[in-house]
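A short write-up of the structure that comes next.
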Ligand SMILES: NC(=O)c1ccc[n+]([C@@H]2O[C@H](COP(=O)([O-])OP(=O)(O)OC[C@H]3O[C@@H](n4cnc5c(N)ncnc54)[C@H](OP(=O)(O)O)[C@@H]3O)[C@@H](O)[C@H]2O)c1
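Residue numbers (the numbering used here): 12 to 344.
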């Protein structure tokens with residue numbers, strides 16, 4: 012495994028992080044979840060990402076159990092707050108009340124005294140940023156949270172938060188967690204240049220476009236058994252929008268490029284996001300330990316500029332680049 016700084020902070024994170032959205036507490040059984048976490052640890056992954064909302068809060072419990080017995084100082088545990096964790100009016104968003112209540116639930120479920128990174132899971136248009144940043148800062152001072160970050164925020168939202176933090180002397184955001192893959196490049200024009208200037212690192216999610224970039228979804232064929240596309244409980248509805256014929260056809264044309272580079276298609280996709288120096292870590296999901304082992308080999312891989320150009324030529328018509336595609340709900344969900 013290779014390691015990078017989380018933005019301009021002093022914290023080192025593994026180039027690959029393991030995340031448990033969709034899988035833990037939902038798509039896969041506890042035993043498979045523990046086996047994936049063990050495979051991640053065996054591959055040298057030290058960074059783990061979850062959220063209060065995943066699997067209706069069960070995902071944090073599963074991760075907490077899977078990490079039990081590990082040396083806490085050797086792990087970086089990330090979680091998030093914003094999406095609803097209950098039916099109450101205040102069980103959502105980035106108010107001081109919900110942030111404080113949610114972190115306590117997360118720490119209890121994860122079985123830890125602190126999280127390394129606490130992330131605002133979306134921008135909350137109904138709470139003053141000053142309130143959110145002050146609450147985060149208080150958690151840092153209490154030692155419950157070591158660093159603060161955001162997820163899927165627009166460049167102008169990150170810029171506003173940094174300005175307020177500087178003016179009020181509050182802890183600064185060190186990371187953003189956006190979707191980023193060969194197919195989804197919406198952060199490149201605005202979020203990345205701002206983040207480079209400000210020392211914010213990207214902890215990117217869905218580098219495999221939820222499995223699509225592994226090439227296992229073949230156009231015109233039924234999705235493979237046991238894959239996210241067949242997970243009627245939740246996975247199928249979220250992967251649906253990427254499973255377009257035109258995308259799948261173009262992805263198949265990456266196969267010879269990966270072979271020439273001596274990489275699996277999954278490794279090529281993960282290595283691709285890691286070529287961006289503003290990326291601190293790529294969060295991979297996995298429903299089986301062999302996927303973790305496959306993907307982990309992408310750490311440290313350098314891709315040739317000529318090969319990157321060929322990838323662009325193959326995918327160009329299906330690449331999304333519009334920064335306006337980063338949108339937080341106008342009202343709290
Ligand atoms: N901040 C946010 O809003 C947000 C949103 C989404 C995700 N995330 C974070 O990012 C993490 C990763 O997201 P993701 O799961 O969408 O990432 P991903 O790495 O793009 O997709 C992971 C899925 O692809 C399949 N897969 C993985 N490796 C494979 C391989 N080598 N061969 C074949 N199939 C493979 C597995 O699904 P199957 O085996 O089921 O097909 C796996 O669960 C999440 O767990 C979460 O921590 C954050």
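All C-beta atoms in this analysis are idealised placements derived from N, C-alpha and C, irrespective of residue type, glycine included.
Proximity to residue 167 across 299, 230, 339 peaks at 339, based on C-alpha coordinates.
The three-state secondary structure of residue 134, taken from DSSP, is coil. Proximity to residue 265 across 255, 320, 250 peaks at 320, based on C-alpha coordinates. Pairing residue 151 with residue 157 gives a Cβ-Cβ distance under 8 Å.
Taking 8 Å as the cut-off, the Cβ atoms of residue 284 and residue 226 do not count as close. DSSP places residue 60 inside the beta strand (DSSP E), whose first and last residues are 58–60. Rounded to whole angstroms, residue 29 and residue 196 show a C-alpha spacing of 21 Å.
For residue 239, the Cβ falls inside the 7 Å cut-off from some heavy atom of ligand 1.
In summary, residue 135 is buried, with 16 or more beta-carbon neighbours lying within 10 Å of its beta-carbon over all protein chains present.
In the DSSP annotation of this structure, residue 185 is not part of any alpha helix (DSSP H); the continuous beta strand (DSSP E) holding it starts and ends at 184–188. Taking C-beta separations shorter than 7 Å and ignoring five residues to either side along the sequence, the partners of residue 217 in its chain run 190, 192, following chain order. With a 10 Å radius around the Cβ and a threshold of 16 neighbouring Cβ atoms, residue 91 comes out buried.
At the C-beta level, residue 169 and residue 205 come within 8 Å of one another.
Here the alpha carbons of residue 232 and residue 188 stand approximately 33 Å from one another. The beta carbons of residue 27 and residue 89 sit no closer together than 8 Å. Residue 200 counts as exposed, since fewer than 16 other C-beta atoms from the protein chains shown sit within 10 angstroms of its C-beta. Secondary structure of residue 238 (DSSP, three-state): coil. Contact annotation: residue 31 and residue 61 have beta-carbon atoms nearer than 8 Å.
Residue side-chain check: residue 294 places its Cβ nearer than 7 Å to a non-hydrogen atom of ligand 1. Shown here, residue 164 sits in coil according to DSSP, grouped into three states, outside any helix or strand. The beta carbons of residue 279 and residue 269 sit about 4 Å from each other, so the pair counts as a contact at 8 Å. Note: residue 195 is bridge-paired with 331 in the DSSP secondary-structure output. If you check the CB distance, residue 18 and residue 212 come in under 8 Å. In the three-state scheme derived from DSSP, where H, G and I count as helix and E and B as strand, residue 309 is classed as coil. In this structure, DSSP gives residue 229 a state outside helix and strand, which the three-state scheme calls coil. Relative to ligand 1, the beta carbon of residue 242 is positioned inside 7 Å of a heavy atom.
Taking non-hydrogen atoms of ligand 1 into account, the C-beta of residue 34 is found less than 7 Å away from one of them. DSSP, read as helix, strand or coil, puts residue 338 in coil. Pairing residue 300 with residue 77, the inter-Cα distance amounts to about 13 Å. Sequence-distant partners of residue 254 (beyond 5 residues in either direction) whose C-beta falls short of 8 Å from its own C-beta, in its chain, are 223, 228, 234, 240. The nearest non-hydrogen atom of ligand 1 is 7 Å or more from the C-beta of residue 265. In this structure, the C-beta of residue 300 stays at least 7 Å away from each heavy atom of ligand 1.
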